[in-house]
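Undergrad: Here's a structure for you.
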Amino acid sequence: MTTAEITREEISAVYPKVAQIMADALGCDVEQVGLSVPLIEGLNAESIDFLDIVFNLERAFKLKIPRGKIVEDARGDLPETAFEEKGHLTDAGLKRLREYLSEVPADRFRSPMRVADIPKLFTPETFCKIVARGLRAGPGAPKPDA
Amino acid sequence: MPDRFSAFSFVDRITALEDGRRARGHFAIPAGLPAFSTCLVAEAVGQLAAWVAMAQADFQRRPVAALSGETRIVGEAAPGEILDLGVEIESCDADAVVYGGWARVADTPVLELRWCVGPMLPLVDFDAPEALRGDFETLCGPGKPPSRFPGITAPDLALIDRIPGQRLRAALNVPVSAPFFGDHFPRRPVFPATLLLDAQIRLAVRLAGETLPPGQRLRPARVADVKMRSFILPGQAVEIETVMRSATDGAAELTLAATVEGKRVATGRMEIVSRGSG
Chain A
22 MTTAEITREE ISAVYPKVAQ IMADALGCDV EQVGLSVPLI EGLNAESIDF
72 LDIVFNLERA FKLKIPRGKI VEDARGDLPE TAFEEKGHLT DAGLKRLREY
122 LSEVPADRFR SPMRVADIPK LFTPETFCKI VARGLRAGPG APKPDA
Chain B
268 MPDRFSAFSF VDRITALEDG RRARGHFAIP AGLPAFSTCL VAEAVGQLAA
318 WVAMAQADFQ RRPVAALSGE TRIVGEAAPG EILDLGVEIE SCDADAVVYG
368 GWARVADTPV LELRWCVGPM LPLVDFDAPE ALRGDFETLC GPGKPPSRFP
418 GITAPDLALI DRIPGQRLRA ALNVPVSAPF FGDHFPRRPV FPATLLLDAQ
468 IRLAVRLAGE TLPPGQRLRP ARVADVKMRS FILPGQAVEI ETVMRSATDG
518 AAELTLAATV EGKRVATGRM EIVSRGSG
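Line order of the protein sequences matches chains A and B.
Going by the numbering used here, the first residue of the first sequence is number 22, and it counts up by one from there.
Going by the numbering used here, the first residue of the second sequence is number 268, and it counts up by one from there.
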């Protein structure tokens with residue numbers, strides 16, 4: 022179940038709460054947090070904002086989101102040495118990342134891509150998918166706090 | 268570094284420690300001080316959590332102040348009193364520590380911290396790992412000598428903009444040198460977030476005093492959603508601002524912000540009540 026593609030309905034179910042958490046963290050209006058807006062280049066998110074967002078998603082949805090989870094999940098069963106080399110994604114690594122971040126337009130993936138630049142690809146939808154996966158995996162699929 | 272372990276260190280002894288999970292400790296507030304601010308009480312709780320996190324990371328990494336979900340201020344601590352401190356670590360890894368904690372005086376609650384998150388950074392950038400390991404062993408053993416804290420002269424605030432009852436903006440000039448930089452931190456001096464918060468609270472209480480009915484003594488009751496976006500360095504010119512969000516008979520809610528060269532470096536919210544309320 023957890024490996025299946027996350028549906029639009031699952032994303033829509035968590036998006037309002039995710040968007041509100043992002044707006045609070047970034048100090049912007051919730052209307053600015055479009056599903057596909059790049060968080061760094063579109064909403065000026067910094068590393069501290071990602072920490073804030075992840076922490077508040079964990080609290081709101083009663084999930085654990087380990088740091089580095091996006092890259093780890095994207096890598097999947099690919100050995101680390103096959104995923105990246107000297108701080109840059111390999112061709113196989115870039116392919117895995119494209120598949121995992123399927124919500125991100127293809128022209129935003131550059132080759133070569135530095136591992137440190139992966140967060141530039143993240144959008145609110147990226148985090149909606151993480152939350153939706155977590156809710157699928159969690160016992161009883163907990164609902165977000167009101 | 269003559270001021271090491273005395274100018275901005277608020278844990279005298281760690282009295283109980285469960286590795287990476289929880290700790291208890293205490294700090295004797297020197298009797299000769301004129302006052303001991305609530306922000307320094309919060310600093311003491313944060314420092315106890317930092318010791319637990321640094322030990323958990325084998326003194327390779329240390330946390331820095333970044334996010335504080337909620338601080339409830341329910342009492343005061345006075346010079347000459349003993350602060351009892353406790354922390355519960357929710358999680359601690361190479362990237363961040365998440366914790367809560369409290370401070371009490373003679374079993375009376377003073378302050379409670381909830382949902383604090385500190386990014387873990389390379390310790391070697393801030394201090395000598397082996398020196399800190401030695402300090403930690405001292406704290407877990409006999410404790411450090413008490414009453415060495417000389418107090419802090421709060422930086423002056425110069426008002427630069429004012430809309431009565433609605434907004435205050437002030438300049439805070441961080442000193443180029445000060446004894447507390449000796450502890451915070453020896454290799455990389457950083458203006459403590461709790462001293463910034465102390466200045467912000469002073470400004471917020473002043474604004475609340477313009478709005479709440481006259482003749483009431485005001486006190487900070489709650490600080491929420493504090494986010495430190497970057498370090499404030501010695502000598503930097505900081506602008507702090509507080510804006511009134513709502514005010515009733517006995518309570519005011521305000522937002523807090525700080526900028527350096529136009530860049531937002533800290534944000535938060537707070538609640539101020541008249542004494543006896545909340």
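C-beta atoms are modelled at their ideal positions from N, C-alpha and C, and glycine is treated no differently.
Predicted model, so just to flag it, every value in this text is computed and none were measured.
Can you find a CB in chain B that lies within less than 8 Å of the CB of L84 of chain A?
TA: Here residue 84 of chain A corresponds to residue number 63 of the first sequence, with the count starting at 1. It does not; no Cβ of chain B falls within 8 Å.
Undergrad: If you follow the alpha helix (DSSP H) that T102 of chain A is part of, which residue opens it and which one closes it?
TA: The residue labelled residue 102 of chain A in the question sits at position 81 within the first sequence. Note, T102 of chain A: alpha helix (DSSP H), E101 to F104.
Undergrad: Alpha carbon to alpha carbon, how far is E285 of chain B from E538 of chain B?
TA: Within the second sequence, numbered from 1, the residue matching residue 285 of chain B stands at position 18. Within the second sequence, numbered from 1, the residue matching residue 538 of chain B stands at position 271. Going from the Cα of E285 of chain B to the Cα of E538 of chain B covers about 34 Å.
Undergrad: Taking the straight line between their C-alpha atoms, what separation do you get for D394 of chain B and V372 of chain B?
TA: The count along the second sequence starts at 1 and reaches residue 394 of chain B at position 127. The count along the second sequence starts at 1 and reaches residue 372 of chain B at position 105. So the two alpha carbons sit approximately 31 Å from each other.
Undergrad: Where does N65 of chain A fall in DSSP's three states?
TA: Within the first sequence, residue 65 of chain A is the residue found at index 44, counting from 1. N65 of chain A falls in the coil class under three-state DSSP.
Undergrad: Name the residue from B:R328, B:L334 and B:A345 whose alpha carbon lies nearest to the alpha carbon of D492 of chain B.
TA: Position 225 of the second sequence, counted from the first residue, corresponds to residue 492 of chain B. For the residues B:R328, B:L334 and B:A345, the minimum Cα distance to D492 of chain B belongs to B:L334.
Undergrad: Which residues mark the beginning and the end of the alpha helix (DSSP H) in which L485 of chain B is found?
TA: Residue numbering aside, residue 485 of chain B sits at position 218 when the second sequence is read from its first letter. Where L485 of chain B is concerned, there is no enclosing alpha helix (DSSP H), although the beta strand (DSSP E) it sits in stretches over L485 to M495.
Undergrad: Please report the straight-line C-alpha distance between H488 of chain B and R400 of chain B, rounded to a whole angstrom.
TA: Within the second sequence, the letter at position 221 stands for residue 488 of chain B. Within the second sequence, the letter at position 133 stands for residue 400 of chain B. The residue asked about is misnamed: residue 488 of chain B is Ala in this sequence, not His. Taking the straight line joining both Cα atoms gives about 36 Å.
Undergrad: Report the option in B:S497, B:D423, B:R455 and B:S513 whose CA atom is closest to the CA atom of V391 of chain B.
TA: Here residue 391 of chain B is taken as the residue at index 124 of the second sequence, counted from 1. Comparing Cα positions, the closest option is B:R455.
Undergrad: What does G48 of chain A touch in chain B if you count any residue whose Cβ is under 8 Å from its own?
TA: As a position in the first sequence, residue 48 of chain A is number 27, starting the count at 1. Those are R531 and T534, listed as they occur along chain B.
Undergrad: So which residues of chain B does K148 of chain A contact, with C-beta pairs closer than 7 Å?
TA: Counted from its first residue, the first sequence places residue 148 of chain A at position 127. Note that residue 148 of chain A is Phe in the sequence shown, not Lys. Those within 7 Å of F148 of chain A in chain B number zero; the least Cβ separation is about 17 Å.
Undergrad: With a threshold of 8 Å between beta carbons, is A460 of chain B in contact with chain A?
TA: On the second sequence, position 193 is the one that residue 460 of chain B refers to. Cβ-Cβ to chain A under 8 Å: no for A460 of chain B.
Undergrad: From B:F452, B:Q483 and B:L500, pick the residue whose C-alpha is nearest to that of V443 of chain B; which is it?
TA: By 1-based counting over the second sequence, the position of residue 443 of chain B is 176. If we check each option's Cα against that of V443 of chain B, B:L500 comes out closest.
Undergrad: Put S335 of chain B into one of helix, strand or coil per three-state DSSP.
TA: By one-based count along the second sequence, residue 335 of chain B stands at place 68. In the structure shown, S335 of chain B sits in a strand (DSSP, three-state: E or B).
Undergrad: Whole angstroms are fine: how far does the CA of L307 of chain B sit from the CA of F277 of chain B?
TA: On the second sequence, residue 277 of chain B is found 10 positions in, with the first residue counted as 1. On the second sequence, residue 307 of chain B is found 40 positions in, with the first residue counted as 1. Taking the straight line from one Cα to the other gives about 8 Å.
Undergrad: I want to verify the contact list: residues of chain A whose CB lies under 9 Å from the CB of D360 of chain B, in sequence order.
TA: One-based indexing of the second sequence puts residue 360 of chain B at position 93. Under the 9 Å cutoff, chain A gives P87 and R88.
Undergrad: Would you say T23 of chain A reaches chain B, if we count a Cβ-Cβ gap shorter than 8 Å as a contact?
TA: In the first sequence, the residue the question calls residue 23 of chain A occupies position 2. Its pLDDT being 44, under 50, T23 of chain A is placed unreliably by the model, and nothing is read from it.
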